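Chemist:
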Amino acid sequence: MLNDSLEQRVRERTTELEQTNRNLADEVSQRQRIEAAFIQAQKMEALGKLTGGVAHDFNNVLQIINGNLQLLGLSAPLSERQQRHLQASIDGVTRGAKLASQLLSFARKQPLDPVVLNVGQMLRAMDNMFRRALGEEIATETIVGGGLWNVHVDSNHLENVLLNLAINARDAMGQGGKLTLEAANVFLNDDYARQHDEVKAGQYVVITMTDTGCGMTEEVIKQAFEPFYTTKSDGHGTGLGLSMVHGFVKQSGGHVKIYSEVGEGTAIKVYLPRSFAAVSAPVVLFDLDVPSGTETILVAEDDPIVRATVVETLNSLGYKTLAAEDGASALTILKSGASIDLLFSDVVMPGNVRSPDLAREAKRMLPNLAVLFTSGYTENAIVHGGRLDPGVALISKPYQREELARKLRHVLANEAQRSMLHAGQIKQPLKRAPSKLRTILLVDDDVNVREATAELLTMFEFEVETAASGEAAIQLVDAGKYDAVICDVELGGISGIELAHHCRRADPNVRIVIASGHGSLGIEREAPHGASILTKPYSVEQLRSALIGV
Numbered sequence: 018m019l020n021d022s023l024e025q026r027v028r029e030r031t032t033e034l035e036q037t038n039r040n041l042a043d044e045v046s047q048r049q050r051i052e053a054a055f056i057q058a059q060k061m062e063a064l065g066k067l068t069g070g071v072a073h074d075f076n077n078v079l080q081i082i083n084g085n086l087q088l089l090g091l092s093a094p095l096s097e098r099q100q101r102h103l104q105a106s107i108d109g110v111t112r113g114a115k116l117a118s119q120l121l122s123f124a125r126k127q128p129l130d131p132v133v134l135n136v137g138q139m140l141r142a143m144d145n146m147f148r149r150a151l152g153e154e155i156a157t158e159t160i161v162g163g164g165l166w167n168v169h170v171d172s173n174h175l176e177n178v179l180l181n182l183a184i185n186a187r188d189a190m191g192q193g194g195k196l197t198l199e200a201a202n203v204f205l206n207d208d209y210a211r212q213h214d215e216v217k218a219g220q221y222v223v224i225t226m227t228d229t230g231c232g233m234t235e236e237v238i239k240q241a242f243e244p245f246y247t248t249k250s251d252g253h254g255t256g257l258g259l260s261m262v263h264g265f266v267k268q269s270g271g272h273v274k275i276y277s278e279v280g281e282g283t284a285i286k287v288y289l290p291r292s293f294a295a296v297s298a299p300v301v302l303f304d305l306d307v308p309s310g311t312e313t314i315l316v317a318e319d320d321p322i323v324r325a326t327v328v329e330t331l332n333s334l335g336y337k338t339l340a341a342e343d344g345a346s347a348l349t350i351l352k353s354g355a356s357i358d359l360l361f362s363d364v365v366m367p368g369n370v371r372s373p374d375l376a377r378e379a380k381r382m383l384p385n386l387a388v389l390f391t392s393g394y395t396e397n398a399i400v401h402g403g404r405l406d407p408g409v410a411l412i413s414k415p416y417q418r419e420e421l422a423r424k425l426r427h428v429l430a431n432e433a434q435r436s437m438l439h440a441g442q443i444k445q446p447l448k449r450a451p452s453k454l455r456t457i458l459l460v461d462d463d464v465n466v467r468e469a470t471a472e473l474l475t476m477f478e479f480e481v482e483t484a485a486s487g488e489a490a491i492q493l494v495d496a497g498k499y500d501a502v503i504c505d506v507e508l509g510g511i512s513g514i515e516l517a518h519h520c521r522r523a524d525p526n527v528r529i530v531i532a533s534g535h536g537s538l539g540i541e542r543e544a545p546h547g548a549s550i551l552t553k554p555y556s557v558e559q560l561r562s563a564l565i566g567v
């Protein structure tokens, strides 16, 4: 009896010790996974900082080449042969810009323009593109789960991600095979989140791309997301494709996972957080002539060749220019009392005066000064969480002359509009809003213009709701009814033109007013029938007349 009791106690104690050992082994294993993930995260962060810095310098070089090529095209009539050579050079710059964009995507420093979209619709729309990229020897199949949720993501970058993954799959399949694309809803639980770095539990849309190729070893999978790592032969890849995928997905709040075995193929899963918003309307592009100007622009740029190219480009557009090599020099020019209409500043410059500080001090000295930033790498100075800080205008390097021309007019017009509204140009008693026109939706990405215009409309006794983007405005339009919609033509995401068409489809009787810093040329052709066009800066009476149709 005593022996039985002792044996029972020994068995119980042995079981407890075995369980304790298992728990310790699990804890050690989990600690090792956490330490490995931490080391990998540190490594990827260091590589991100390095590649981001390289992209900044690279984009500066591209801007020099691109700017001078465009100036060369303007300088004299070119022969057909010279024009071909010029275009080939510009195309080369475009390829270089794409490479720099991939570097920034990996570094998670690429400013994004997210919209609400349905991945299933995107996959079906890309079907022909996939077939052309993969060739006839590779069969494709697309499977979209029912009731697929929406996601909030930059559509152009997501399209590039999917194409990069498809091309990698093509190269892995060699002489042919099958590529399967699937989109489905999924919930990542707390256990999964604990086992994967930077993953939050919640609802996701997962895009799975499966190939029948050669597969990957465990060692290759561990290094797959590192920049410039590639298993392809020289001349057949930069090693940036999967790095760009990883950086973009992480910057979008998502997660990417590789499953592969040698000889069995590869499945790559891209998880994107669910969005509860309605799908954004597609972007409509419209042609505008290249706008010029006569204002004075202060250029703050530390690279002397970039600075000289920018100054010459601005002069070719009709602007007067002043130039500074850093923030301190720019402040000296501002303090001299020179008449300046716009500060055009690189984001990343050496010296004690950072670009955001320069802009704030410049605005303090010249309250009506417009500010436009430019950079090939923002280094978190004006971009946080992948999005521009509120009220900040940015043009990314390398940019085209026409792109710069339009951006300048947009920023100058917004500043002029702010100044006019804040000046309170109301010389007559305000007339009440007509009873048939009471509720207005005001859409402008410039917070100062939006707030000042809303305050003015309220003084007219209109009921005003505001939105900072076309995507947010569409949600409001779909959820309620408005008598009139006032929108800026440039909203960062979808254009004001497409927003106007969406509003007209939702309510054929809604009054639409489109504000533009480019004038009305081109916009009138693309705007919905009956829409009013307001050229910034517009007066109080012009705004009221546009609303009531007088």
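According to our numbering, the sequence shown is numbered sequentially starting from 18.
Glycine included, every Cβ here is placed at the ideal spot set by N, Cα and C.
The structure displayed is predicted, hence computed values, not measured ones.
#1: Taking the alpha-carbon positions, what's the K337 to D505 distance?
#2: Among the candidates G162, N167, V223, G282, whose CA atom is the shortest distance from the CA of M190?
#3: Using 9 Å as the threshold, is the C-beta distance between L103 and G90 below it?
#4: Exposed or buried, what is L289 when buried is set at 16 or more other beta-carbons lying within 10 Å of its beta-carbon?
#5: Could you tell me the distance, in whole angstroms, from the CA atom of T311 to the CA atom of L359?
#6: For V466, I'd like the list of residues in its chain whose CB is within less than 8 Å of its CB, leaving aside the five on either flank, ordered along the chain.
#7: Out of curiosity, what's the CA-to-CA distance linking N226 and A471?
#8: What does a CB cutoff of less than 7 Å around D319 pick up in its chain, not counting 5 residues either side in sequence?
#9: Please classify Q445 as buried or exposed, where buried requires at least 16 other C-beta atoms within 10 Å of its C-beta.
#10: Could you tell me which residues DSSP puts in a beta bridge with L564?
#11: For Y416 and D108, what's the separation of their Cα atoms in angstroms?
#12: Between I357 and L348, which are expected to be in contact by the criterion C-beta below 8 Å, what is the C-beta distance as a whole number of angstroms?
#13: Going by the CB atoms, is the gap between E488 and G222 shorter than 9 Å?
#14: Name the two residues that bound the continuous beta strand (DSSP E) containing L289.
#15: In terms of alpha-carbon separation, which member of V494, Y209, L459 lies closest to A484?
#16: Do G534 and V428 have their C-beta atoms closer together than 9 Å?
#17: Looking only at C-alpha atoms, which of L182, A490, N202 sits nearest to M146?
#18: Using CA coordinates, which residue listed in I184, Q87, L508, D495 is at the minimum distance from R521?
#19: Return the chain-ordered list of same chain residues with a C-beta closer than 7 Å to the C-beta of N135, the five sequence neighbours on each side being excluded.
#20: At 4 residues or longer, and completely inside the region 174 to 261: list those alpha helix (DSSP H) runs for me, N to C.
#21: Between the C-alpha atoms of R371 and A544, what's the straight-line distance to the nearest angstrom?
#22: DSSP on T338, reduced to helix/strand/coil?
#23: Let me know the secondary structure DSSP gives A376 once reduced to three states.
#24: Can you tell me which of the three DSSP states A532 falls into?
#25: Output the boundary residues of the beta strand (DSSP E) element that contains S346.
#26: Strictly by DSSP, which residues pair up with F265?
#27: Just to confirm my understanding: we take R381, look at its own chain, exclude 5 residues before and 5 after, and list those with CB closer than 7 Å. What are they?
#28: Alpha carbon to alpha carbon, how far is S346 from A355? Give it in angstroms, no decimals.
#29: Which one of E480, L474, F479, L508 has the shortest CA to CA distance from A490?
#30: Kindly give me the distance between the Cβ atoms of I81 and I322, rounded to whole angstroms, as I take these residues to be in contact under 8 Å.
#31: Quick check on the DSSP output: the alpha helix (DSSP H) that includes T470 runs from which residue to which?
#32: If we ignore side chains and look at the alpha-carbon of each, how far apart do N206 and I529 end up?
#33: Using 9 Å as the threshold, is the C-beta distance between L389 and F361 below it?
#34: If distances are taken between C-alpha atoms only, which option among T197, G232, I531, A548 comes closest to P554?
#35: Determine the DSSP secondary structure at I592, reduced to helix, strand or coil.
#36: Does DSSP put I357 in a helix, in a strand, or in coil?
Modeler: So, from the listed chains and residues:
#1: For this step, residue 337 is matched to residue 320 along the sequence shown. For this step, residue 505 is matched to residue 488 along the sequence shown. Cα to Cα, the separation comes out at about 27 Å.
#2: Taking the first residue of the sequence shown as 1, we reach residue 190 at position 173. With respect to the C-alpha of M190, the residue from G162, N167, V223, G282 having the closest C-alpha is G282.
#3: Walking along the sequence shown from the start, residue 103 turns up at place 86. Walking along the sequence shown from the start, residue 90 turns up at place 73. Taking 9 Å as the Cβ cut-off, L103 and G90 qualify as a contacting pair.
#4: Numbered from 1 along the sequence shown, position 272 holds the residue referred to as residue 289. With 16 or more Cβ atoms within 10 Å of its Cβ, L289 is classed as buried.
#5: Taking the sequence shown and counting its residues from 1, one reaches residue 311 at position 294. Taking the sequence shown and counting its residues from 1, one reaches residue 359 at position 342. Approximately 11 Å, taken between the alpha carbons.
#6: Looking up residue 466 in the sequence shown gives position 449. Within the same chain, and ignoring the five residues on either side of V466 in sequence, the residues whose Cβ sits closer than 8 Å to its Cβ are N431, Q434, R435, L438, D505.
#7: As a position in the sequence shown, residue 226 is number 209, starting the count at 1. As a position in the sequence shown, residue 471 is number 454, starting the count at 1. Note on identity: in this sequence residue 226 is Met, with Asn being the wrong assignment. Rounded to the nearest angstrom, the two C-alpha atoms are 47 Å apart.
#8: As a first step, residue 319 is located in the sequence shown; it is residue number 302 there, counting from the start. Excluding residues within five positions, the ones whose Cβ falls inside 7 Å are E342, D343, D363, M366, P367.
#9: Working through the sequence shown from its first residue, we reach residue 445 at position 428. For Q445, the pLDDT reaches just 45, beneath the cut-off of 50, and the residue's location in the model is therefore unreliable, although a value from the coordinates is still provided. With fewer than 16 Cβ atoms within 10 Å of its Cβ, Q445 is classed as exposed.
#10: On the sequence shown, residue 564 is found 547 positions in, with the first residue counted as 1. Residue pairing by DSSP places L564 in no beta bridge whatsoever.
#11: Taking the sequence shown and counting its residues from 1, the one referred to as residue 416 is at position 399. Taking the sequence shown and counting its residues from 1, the one referred to as residue 108 is at position 91. Approximately 13 Å, taken between the alpha carbons.
#12: Stepping through the sequence shown from its first residue, residue 357 is reached at position 340. Stepping through the sequence shown from its first residue, residue 348 is reached at position 331. Not quite, the Cβ-Cβ distance comes to about 12 Å (not below 8 Å), so this is no contact.
#13: For the purposes of this step, residue 222 is taken as the residue at position 205 of the sequence shown. For the purposes of this step, residue 488 is taken as the residue at position 471 of the sequence shown. At residue 222 the sequence reads Val, which differs from the Gly that was named. Cβ distance not < 9 Å, so V222 and E488 don't count as in contact.
#14: Along the sequence shown, one-based indexing puts residue 289 at 272. DSSP places L289 inside the beta strand (DSSP E), whose first and last residues are 282 to 292.
#15: As a first step, residue 484 must be located in the sequence shown, where it is residue number 467. It is L459 whose Cα lies nearest to the Cα of A484.
#16: The count along the sequence shown starts at 1 and reaches residue 534 at position 517. The count along the sequence shown starts at 1 and reaches residue 428 at position 411. Their beta carbons are under 9 Å apart, which means G534 touches V428 by this criterion.
#17: Here residue 146 refers to the residue found at position 129 of the sequence shown. For the set L182, A490, N202, the Cα lying nearest the Cα of M146 is the one of L182.
#18: If you number the sequence shown from 1, residue 521 lands on position 504. Nearest to R521 by alpha-carbon distance, out of I184, Q87, L508, D495, is D495.
#19: Here residue 135 is taken as the residue at index 118 of the sequence shown, counted from 1. Hits under 7 Å: L165, N167, V296.
#20: Taken in chain order, the complete alpha helix (DSSP H) segments of 4 or more residues contained in the region 174 to 261 are 207 to 212, 235 to 240.
#21: To locate residue 371, count along the sequence shown from 1; it is residue 354. To locate residue 544, count along the sequence shown from 1; it is residue 527. For R371 and A544, the gap between their C-alpha atoms comes out near 41 Å.
#22: Locating residue 338 in the sequence shown gives position 321, counting from the first residue. If DSSP states are grouped into helix, strand and coil, T338 belongs with the strands.
#23: Here residue 376 corresponds to residue number 359 of the sequence shown, with the count starting at 1. The three-state secondary structure of A376, taken from DSSP, is helix.
#24: By one-based count along the sequence shown, residue 532 stands at place 515. Strand, per DSSP.
#25: Translated into the one-based positions of the sequence shown, residue 346 becomes position 329. For S346, there is no enclosing beta strand (DSSP E); the residue is part of the alpha helix (DSSP H) that begins and ends at 344 to 352.
#26: For the purposes of this step, residue 265 is taken as the residue at position 248 of the sequence shown. According to DSSP, F265 bridges with nothing at all.
#27: Here residue 381 is taken as the residue at index 364 of the sequence shown, counted from 1. Same-chain partners within the cutoff: there are none.
#28: If you number the sequence shown from 1, residue 355 lands on position 338. If you number the sequence shown from 1, residue 346 lands on position 329. Roughly 13 Å separates the two Cα atoms.
#29: Locating residue 490 in the sequence shown gives position 473, where the first residue counts as 1. Taking only the C-alpha atoms, the option nearest A490 is L508.
#30: The residue given as residue 81 occupies position 64 in the sequence shown. The residue given as residue 322 occupies position 305 in the sequence shown. Contact flag correct, Cβ pair sits at about 5 Å.
#31: To locate residue 470, count along the sequence shown from 1; it is residue 453. For T470, the enclosing alpha helix (DSSP H) covers residues 464 to 476.
#32: Taking the sequence shown and counting its residues from 1, one reaches residue 206 at position 189. Taking the sequence shown and counting its residues from 1, one reaches residue 529 at position 512. Their Cα atoms are separated by approximately 46 Å.
#33: Within the sequence shown, numbered from 1, the residue matching residue 389 stands at position 372. Within the sequence shown, numbered from 1, the residue matching residue 361 stands at position 344. With a cutoff of 9 Å on beta-carbon distance, L389 and F361 are scored as near each other.
#34: Within the sequence shown, residue 554 is the residue found at index 537, counting from 1. Closest option to P554, Cα to Cα, is I531.
#35: Nothing in the structure corresponds to residue 592, since the chain is present only between 18 and 567.
#36: What you label residue 357 is simply residue 340 of the sequence shown in a count that begins at 1. It is coil, neither helix nor strand.
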